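**Student:**
2 protein chains.
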Amino acid sequence: MKRTIATIRDVAVHAGVSVSTVSRVINGRGPTHTETTSRVRAVIAELGFRPNPAGRALKSARSDCLGVVLPALSDPCHAGTLAALESAACGYGRGVMIACGGGDDSECAAVERLLAHRVSGMILTVCDAGRSDALAMLDREGVPYVLAHNLPRRSAESGVGVAVATDPDAAALLLVDAMTGHGHRVVGNVASPEQPADWACRFADTLDRVLRARDLPPVLRFDRSALRAALAGPGAPSLLWCGGAVTAQALLRDLRDLGRMVPGDIAVIAGEGVVAPDLAPDLAPDLAVIASPTGAIGDRAVELLIAAIAGDDPVASVLLPPQFWPGQTLGTVRR
Amino acid sequence: MKRTIATIRDVAVHAGVSVSTVSRVINGRGPTHTETTSRVRAVIAELGFRPNPAGRALKSARSDCLGVVLPALSDPCHAGTLAALESAACGYGRGVMIACGGGDDSECAAVERLLAHRVSGMILTVCDAGRSDALAMLDREGVPYVLAHNLPRRSAESGVGVAVATDPDAAALLLVDAMTGHGHRVVGNVASPEQPADWACRFADTLDRVLRARDLPPVLRFDRSALRAALAGPGAPSLLWCGGAVTAQALLRDLRDLGRMVPGDIAVIAGEGVVAPDLAPDLAPDLAVIASPTGAIGDRAVELLIAAIAGDDPVASVLLPPQFWPGQTLGTVRR
DNA sequence: CTGAAAGCGCTTACAG
DNA sequence: CTGAAAGCGCTTACAG
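Quick mapping for you: the protein sequence lines, in order, are chains A and B.
Numbers given in the working numbering equal positions in the first sequence, counted from 1, plus 10.
Numbers given in the working numbering equal positions in the second sequence, counted from 1, plus 10.
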């Protein structure tokens with residue numbers, strides 16, 4: 011016994027006007043607020059009328075939904091971004107359709123699904139914005155999109171492929187400042203999957219450059235599995251850096267299993283792929299983090315996408331400063 | 011320079027048939043697979059034609075999207091559920107629109123937003139299914155919905171308000187077995203917001219009953235802020251239970267700050283509001299958890315909702331057995 | 001097995 | 001300031 015749903019026609023009849031007039035009232039263009047308008051408004055409220063987006067979409071050929079493509083949502087970092095995106099989109103009266111990727115293969119599948127639903131634009135975090143079939147598809151289709159947590163693509167000059175991300179150079183500087191400030195001179199980098207490849211690459215380049223400029227030894231890179239070996243011998247790092255908080259937590263466990271005290275024997279700092287900010291104090295209370303401003307990234311990404319959809323002047327990418335969360339795991343080396 | 015999008019009419023013209031025929035091919039009802047069908051299929055592929063959901067929706071008055079309403083997505087538990095739902099919905103060719111709630115107030119707002127988008131049904135996790143304005147609204151609108159992680163509503167007999175959740179009785183039993191199996195006789199319950207009130211209530215009732223039946227002292231309930239006092243004096247619990255993994259992590263920190271060793275001085279076990287299962291080994295390696303089968307809950311919830319939308323016979327609620335993740339924090343009390 | 005036609009709910013020029 | 005009419009892309013009886 012479903013309720014019949016009121017249509018614009020019902021409203022028109024009840025208000026004693028034409029559907030055109032109702033449409034104008036709904037969309038706020040047309041008659042100045044005379045008695046007619048308020049009468050129509052009253053009927054709309056009375057009938058609980060909601061404009062059917064399908065009817066609308068048929069004209070514009072686009073739904074009023076934004077598509078969001080993210081890697082595994084199980085990662086709190088991406089879940090936090092989604093929360094921010096949803097909240098921001100809501101502010102523009104836009105719905106959010108979600109599709110999760112994984113490998114590059116399913117990134118395409120995710121985009122394809124969203125395309126089938128005719129989202130008016132997409133926000134994506136991809137494995138590597140530099141080489142992404144999913145983005146190529148989007149370019150081909152001419153659907154506006156904004157990257158989140160990836161770096162801008164080269165083609166971004168033309169206005170497509172803009173990105174909103176943490177500034178990788180600033181993050182690298184922050185790391186060096188944090189390490190030297192606490193007396194560390196050698197940093198090891200444990201590979202972590204949380205960061206998009208393009209971002210991580212740029213970050214690593216800058217990091218190496220800054221270290222060299224300060225006469226510090228280059229980064230020692232290795233996998234979690236090579237941890238033991240990497241910590242042995244002279245020249246071993248006194249600080250370990252890894253891309254995301256999830257890997258960091260795993261790393262802390264590895265270190266404990268190896269009998270290394272943190273930060274007594276070895277310090278740890280995580281970056282970028284953060285846990286959801288509001289949970290961080292609970293989930294990772296002691297972990298030092300160079301964090302992404304997830305909320306701001308979500309806000310700006312939606313803002314840019316809305317502008318792109320509206321066909322405004324080509325929007326420019328945004329790099330936001332990272333945030334430093336002090337944590338005990340960073341430790342302090344006595345000279 | 012957007013590509014013009016192919017319509018069903020374009021396909022019809024190119025294939026030299028009528029739109030009706032194309033429609034039948036797309037929806038797989040009508041002509042048996044003659045030459046016509048394959049010709050139409052070829053043209054569809056060639057043109058990259060995708061049926062416009064808006065055109066479709068206009069007939070059915072419903073989009074082919076499922077709405078999902080969850081409390082803060084920042085909680086990994088809910089993010090995990092969303093991931094499962096998205097994946098399951100995808101299997102049915104359904105898109106997922108997400109809206110986040112929070113207080114009961116914004117639960118309504120979330121439902122309202124999804125309603126405006128004409129989702130064909132919703133899956134929700136609400137604060138308290140027993141008293142929810144959001145669910146009342148759904149009942150009023152006659153939109154099918156399924157609860158996830160909440161318990162079935164009374165009205166569920168009529169087929170509305172069915173739920174998919176972890177079996178609270180089984181979870182309570184599991185807790186008692188785990189505690190007695192490890193030598194614990196007194197359990198304290200730290201209030202945690204992760205669990206929906208209706209579920210937590212039922213769980214607590216059963217827990218008390220089972221403890222009584224086994225001649226064990228009743229649960230000591232208190233807030234995190236009262237932790238110190240609760241642990242002092244005789245009759246203090248040797249095991250702490252809290253609803254979710256996030257609170258559990260915070261609790262572990264509190265205990266450390268109080269100088270209590272886990273599990274040497276005091277044991278900890280978490281329940282229901284789990285971190286995303288695939289991250290658990292990294293984020294909470296040592297934590298003992300009575301976990302919800304998030305993936306299965308997502309699968310079943312979508313399955314039930316799809317059935318409800320199709321107007322199948324009233325579907326029944328599903329209670330799934332919890333999973334026990336052993337962890338060092340549970341400890342063992344020597345007799 | 002196939003096609004012509006109506007209609008889903010809305011917006012948008014175009015007349016008044 | 002307002003209304004009649006066309007049309008967005010699709011599905012669905014209804015004829016052939």
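Even for Gly, the Cβ is constructed at its ideal location relative to N, Cα and C.
In this text the structure is predicted, and so the values were computed from the model without any measurement.
Report yes if the C-beta distance between A:V186 and A:L226 is below 9 Å; otherwise report no.
**Tutor:** Taking the first residue of the first sequence as 1, we reach residue 186 of chain A at position 176. Taking the first residue of the first sequence as 1, we reach residue 226 of chain A at position 216. Yes, the Cβ-Cβ distance between A:V186 and A:L226 is below 9 Å.
**Student:** Can you list the residues of chain B that A:I108 reaches, using a CB-CB cut of under 7 Å?
**Tutor:** Taking the first sequence and counting its residues from 1, one reaches residue 108 of chain A at position 98. Those are E96, V106 and I108, listed as they occur along chain B.
**Student:** What are the boundary residues of the beta strand (DSSP E) that includes A:F213?
**Tutor:** Within the first sequence, the letter at position 203 stands for residue 213 of chain A. Looking at the DSSP string, A:F213 is not in any beta strand (DSSP E); the run it does join, the alpha helix (DSSP H), is A207 to A223.
**Student:** Can you name the residues of chain A whose CB is closer than 8 Å to the CB of B:D292?
**Tutor:** Position 282 of the second sequence holds residue 292 of chain B. Correct list: V256, T257, Q259, A260 and R263.
**Student:** Count Cβ pairs between the stretch 263-271 of chain B and the stretch 203-221 of chain B that sit closer than 8 Å; are there 3 or more?
**Tutor:** Result no; under three Cβ-Cβ pairs closer than 8 Å.
**Student:** Do B:P273 and B:Q338 come within 9 Å of each other at the CB atom, strictly closer than that value?
**Tutor:** The residue labelled residue 338 of chain B in the question sits at position 328 within the second sequence. The residue labelled residue 273 of chain B in the question sits at position 263 within the second sequence. Against a cut-off of 9 Å, the Cβ pair of B:P273 and B:Q338 comes out as a contact.
**Student:** Mapping the DSSP letters down to three states, classify B:E45 as helix, strand or coil.
**Tutor:** As a first step, residue 45 of chain B is located in the second sequence; it is residue number 35 there, counting from the start. Here B:E45 sits in helix by DSSP.
**Student:** List, in order along the chain, the chain B residues whose C-beta lies closer than 9 Å to that of A:C75?
**Tutor:** Residue mapping note: residue 75 of chain A aligns to position 65 of the first sequence, counting from 1. Near A:C75 (Cβ distances below 9 Å), the residues of chain B are C75, G105, M107 and H127.
**Student:** Going straight from the alpha carbon of A:V365 to that of A:D149, what length do you get?
**Tutor:** Because residue 365 of chain A is not part of the residues shown, which for chain A are 11 to 345, the question remains open.
**Student:** Name, please, each residue of chain A whose Cβ falls closer than 7 Å to the Cβ of B:P324.
**Tutor:** What you label residue 324 of chain B is simply residue 314 of the second sequence in a count that begins at 1. The contacting residues do not exist; B:P324 stays about 13 Å from chain A at best.
**Student:** Got a sec: which bits of the stretch 233-252 of chain A sit with their beta carbon under 8 Å from any beta carbon on chain B, in order along the chain?
**Tutor:** Taking 8 Å as the Cβ-Cβ cut-off against chain B, none of the residues of the stretch 233-252 of chain A qualify.
**Student:** Which residues does DSSP list as the beta-bridge partners of A:G231?
**Tutor:** By 1-based counting over the first sequence, the position of residue 231 of chain A is 221. Note that residue 231 of chain A corresponds to Arg in the displayed sequence, not to Gly. In the DSSP output, where bridge partners are listed per residue, A:R231 has A:N199.
**Student:** Which residue's Cα is closest to the Cα of A:A99: B:A94, B:G253, B:C110 and B:R104?
**Tutor:** For the purposes of this step, residue 99 of chain A is identified with residue 89 of the first sequence, where counting begins at 1. Checked all of B:A94, B:G253, B:C110 and B:R104; the closest Cα to A:A99 is B:C110.
**Student:** Between A:F232 and the rest of its own chain, which residues show a CB-CB distance below 6 Å, the 5 nearest in sequence each way excluded?
**Tutor:** As a first step, residue 232 of chain A is located in the first sequence; it is residue number 222 there, counting from the start. If we look at A:F232 and ignore the five residues flanking it on each side, its Cβ neighbours are A240.
**Student:** Which residues mark the beginning and the end of the alpha helix (DSSP H) in which B:C137 is found?
**Tutor:** For the purposes of this step, residue 137 of chain B is identified with residue 127 of the second sequence, where counting begins at 1. Note, B:C137: premise wrong, no alpha helix (DSSP H); not H, not E.
**Student:** Going along the stretch 145-165 of chain B in order, which residues come within less than 7 Å of chain A, judged by CB to CB distance?
**Tutor:** Listed in sequence order: E151 and G152.
**Student:** Out of curiosity, what's the CA-to-CA distance linking A:S248 and A:A223?
**Tutor:** As a first step, residue 248 of chain A is located in the first sequence; it is residue number 238 there, counting from the start. As a first step, residue 223 of chain A is located in the first sequence; it is residue number 213 there, counting from the start. Answer to the nearest angstrom: the Cα atoms are 20 Å apart.
**Student:** Does the pairing of the stretch 121-128 of chain B with the stretch 301-315 of chain B give three or more beta-carbon distances under 8 Å?
**Tutor:** The stretch 121-128 of chain B vs the stretch 301-315 of chain B: no contact.
**Student:** Who are the neighbours of B:I401 on chain A, taking C-beta pairs under 8 Å?
**Tutor:** Residue 401 of chain B cannot be examined here, being either before or after the span of chain B that is shown, 11 to 345.
**Student:** Look at the alpha carbon of B:V299 and the alpha carbon of B:M107, and state the distance between them as a whole number of angstroms.
**Tutor:** On the second sequence, position 289 is the one that residue 299 of chain B refers to. On the second sequence, position 97 is the one that residue 107 of chain B refers to. If you take the alpha carbons of B:V299 and B:M107, they lie about 30 Å apart.
**Student:** Identify the contact partners of A:L123 in chain B, using a Cβ-Cβ distance below 8 Å as the criterion.
**Tutor:** Stepping through the first sequence from its first residue, residue 123 of chain A is reached at position 113. Checking the sequence, you will find Arg at residue 123 of chain A rather than Leu. The contacting residues are C100 and G105.
**Student:** Is there at least one Cβ from chain A nearer than 9 Å to B:A89's Cβ?
**Tutor:** Reading the second sequence from its first residue, position 79 is the one you call residue 89 of chain B. Closer than 9 Å: yes.
**Student:** What three-state label does DSSP hand B:T17 in the structure shown?
**Tutor:** Within the second sequence, residue 17 of chain B is the residue found at index 7, counting from 1. Coil.
**Student:** So, does the CB of A:G269 fall closer than 9 Å to a CB anywhere in chain B?
**Tutor:** What you label residue 269 of chain A is simply residue 259 of the first sequence in a count that begins at 1. No, A:G269 lies away from the interface with chain B (no Cβ there is under 9 Å from its Cβ).
**Student:** Pull up the distance between the alpha-carbon of A:R260 and that of A:G269, whole angstroms please.
**Tutor:** Translated into the one-based positions of the first sequence, residue 260 of chain A becomes position 250. Translated into the one-based positions of the first sequence, residue 269 of chain A becomes position 259. Checking the sequence shown, residue 260 of chain A turns out to be Ala, not Arg. Answer to the nearest angstrom: the Cα atoms are 14 Å apart.
**Student:** Short of 7 Å Cβ to Cβ, which residues in the stretch 39-70 of chain A face chain B?
**Tutor:** Of all residues in the stretch 39-70 of chain A, R60, N62, P63, A64, G65, A67 and L68 have a Cβ within less than 7 Å of some Cβ in chain B.
**Student:** Count the other C-beta atoms from every protein chain shown that fall within 10 angstroms of the C-beta of A:A144, then say buried if there are 16 or more, exposed otherwise.
**Tutor:** Indexing the first sequence from 1 puts residue 144 of chain A at position 134. When all chains shown are included, A:A144 counts as buried.
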